[in-house]
Amino acid sequence: MKNTGRSLELDAAKGVAISLVVWGHIVSKDFVKPVGNDWYFVLNSRLYEFHMAFFFFLAGVVYFLSSDGDWWGRWKKTARRLIPAYLLFAAIVFLLKGAAARFMPVNARVGGGWTDVLLQFLYPSQGAAQYLWFIVVLLELQILVPWLLRFLPRKNLWLAFALSWIFHLMAVNGYVTDLFALKWMFRYMPFFVAGALIVEYRPRFDALLDQWRWGFIVVFLVFMALAPKSVLPTIGAVLSVFALMALARYLCEKELAGWFIFLGVNSFTIYLMNSLAMGLARSIFVKTWGWDDWRFVPVVLALWLIGLSVPIFIQRKFFSRFGYLDRITR
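Taking the working numbering, the leading residue of the sequence shown gets 106, the next gets one more, and so forth.
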């Protein structure tokens, strides 16, 4: 990565990552399934094994690129932005799902009681606004990883990296609770720490990506297609870091880079609202036109575009008018 105030490669990589996240949200796991489109579920089952690992790797790079040593002060600043965003969009999801369920099919229905609210905060990845678990895990990692480094000899990154893989293996093998999304925090911890290592060894990493660009991409694709699913959260996710960063560097050499950079700059906005935007559109499509068999392909492409573009439109046209809301939704 080039050492710029805002790395274009990093933004392009975030654009690739958020595109994959939105694709994964097109069909919710508890929504009406499109008949005759098993290919999507096969693809999605593989996608879900690596795409969030790549996102947390990028979060680690961003965090350690701008680290000033005051991790607690920085965490409080981040929390002042992310916690209100979490509360706001959890409330919006609860209200919209409760209202929409009367007229159209919705995923992760809200029962209307305090049990749903409690579930959202105790088990963020299982609540009605389950997609918001990313915020919880990011805040947890930004406490745990700097704290861990403080107590390691000479803040040894490699030792922290090794320890994080132990936690990862415990999580993917079912030995960590889902309470407060801890299972997901430990699963993605080594990728967040890897972000620190990449910042430390950036020139070597970039040279490696340039030398083996297409090799990384081909090996990753073949591995994701053929490898047993049990190894994908670990080996597949590691390969995704090299392949997708190589892809981001390649995109920055092409005119197409502008689109992915734009998506990367707006990735948090897209993250907050893509499920809401696609959820409404998806329910309308299913109720009025259907999405079985051949109809699914145009609907998928339309939903993907809606998930990537409508959140930015809403942020610019509504949230940007209010200073505080603008800050927490960018």
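Idealized CB from N, CA, C, for every residue including glycine.
Short Cβ contact (8 Å threshold) for residue i with residue j
i, j, result
"Leu244", "Thr183", "yes"
"Leu302", "Leu262", "yes"
"Gly412", "His130", "yes"
"Trp409", "Trp128", "yes"
"Asn142", "Phe401", "yes"
"Ala118", "Gly320", "no"
"Ser372", "Tyr236", "no"
"Tyr168", "Gln247", "yes"
"Val346", "Phe159", "yes"
"Arg186", "Arg421", "no"
"Ala190", "Ile123", "no"
"Gly120", "Ile366", "yes"
"Val242", "Ala265", "no"
"Val304", "Leu170", "yes"
"Phe162", "Phe296", "yes"
"Phe291", "Ala267", "no"
"Ala351", "Ile322", "yes"
"Asp173", "Ser230", "no"
"Trp238", "Trp180", "no"
Reference residue i, options the options, closest by Cα
i, options, result
"Ile271", "Tyr293, Arg400, Asp283", "Tyr293"
"Val198", "Arg179, Gly232, Asp175, Val166", "Gly232"
"Ser164", "Val298, Tyr280, Gly174", "It should be noted that the sequence gives Ala, not Ser, for residue 164. Comparing Cα-Cα distances from Ala164 to each of Val298, Tyr280, Gly174, the minimum goes to Val298."
"Trp219", "Val336, Ala196, Phe239, Ile240", "Ala196"
"Asn278", "Phe146, Val336, Leu113", "Val336"
"Tyr355", "Arg426, Asp311, Phe194, Ala265", "Asp311"
"Trp177", "Arg255, Asp315, Ala234, Ala348", "Arg255"
"Ala386", "Trp399, Thr374, Pro403, Glu360", "Pro403"
"Leu200", "Leu125, Ala330, Leu152, Val222", "Val222"
"Leu349", "Val324, Glu360, Thr393, Phe427", "Val324"
"Trp144", "Asp315, Phe424, Asp397, Gly428", "Asp397"
"Ser388", "Leu125, Val126, Pro139", "Pro139"
"Val415", "Leu224, Thr374, Leu253, Gln316", "Thr374"
"Met329", "Gln316, Arg318, Leu344", "Leu344"
"Met157", "Ala234, Ile419, Lys181, Val126", "Val126"
"Ile188", "Arg307, Lys202, Phe226, Arg151", "Phe226"
"Arg151", "Ile419, Leu253, Thr434, Leu331", "Leu331"
"Tyr228", "Ala234, Lys260, Phe285", "Phe285"
"Met378", "Thr434, Lys359, Lys334", "Thr434"
Enclosing alpha helix (DSSP H) for residue i [first to last residue]
i, result
"Asn66", "The requested residue 66 does not occur in the structure, where the chain is confined to residues 106 to 435."
"Asp431", "428-433"
"His130", "Unbroken run through His130: none, as it is neither H nor E."
"Ile366", "362-370"
"Leu284", "From DSSP, Leu284 is part of no alpha helix (DSSP H); its letter is neither H nor E."
"Phe523", "Since the displayed the chain opens at 106 and closes at 435, residue 523 lies outside it and no answer follows."
"Phe169", "156-170"
"Gly412", "401-422"
Same chain, Cβ closer than 6 Å to residue i, five either side skipped, listed in chain order
i, result
"Glu154", "Leu337, Pro338, Gly341"
"Leu430", "Phe424"
"Glu114", "Met106, Ala353, Arg354, Cys357"
"Val405", "Ile131"
"Lys260", "Leu254"
Own chain residues within Cβ distance below 7 Å of residue i, not counting five before or after
i, result
"Arg111", "With a pLDDT of only 48 at Arg111, under the threshold of 50, the placement of this residue in the model should not be trusted, and no figure is reported."
"Met383", "His130, Ile131, Leu408, Ile411, Gly412"
"Val166", "Leu115, Gly300, Ile303, Val304"
"Gly428", "none"
"Leu257", "Leu264, Ala265"
"Ile419", "Met378"
"Val327", "none"
Close beta carbons around residue i, own chain, < 8 Å, minus the five adjacent residues each side
i, result
"Leu274", "Thr339"
is_contact[residue i, chain B] using C-beta, thresh 8 Å
i, result
"Trp263", "Going by chain labels, chain B is absent from the structure shown, which holds only one protein chain."
Worksheet entry | Secondary structure, alpha helix (DSSP H): runs of 4+ residues fully inside the stretch 189-274 | Taking only runs of at least 4 residues, the alpha helix (DSSP H) segments lying wholly in the stretch 189-274 are 219-227, 238-256.
Discussion item. My parser needs the alpha helix (DSSP H) runs of 4 or more residues fully inside the stretch 279-341; what are they?
Written reply: Segments of the alpha helix (DSSP H) lying fully in the stretch 279-341: 287-305, 307-316, 318-331.
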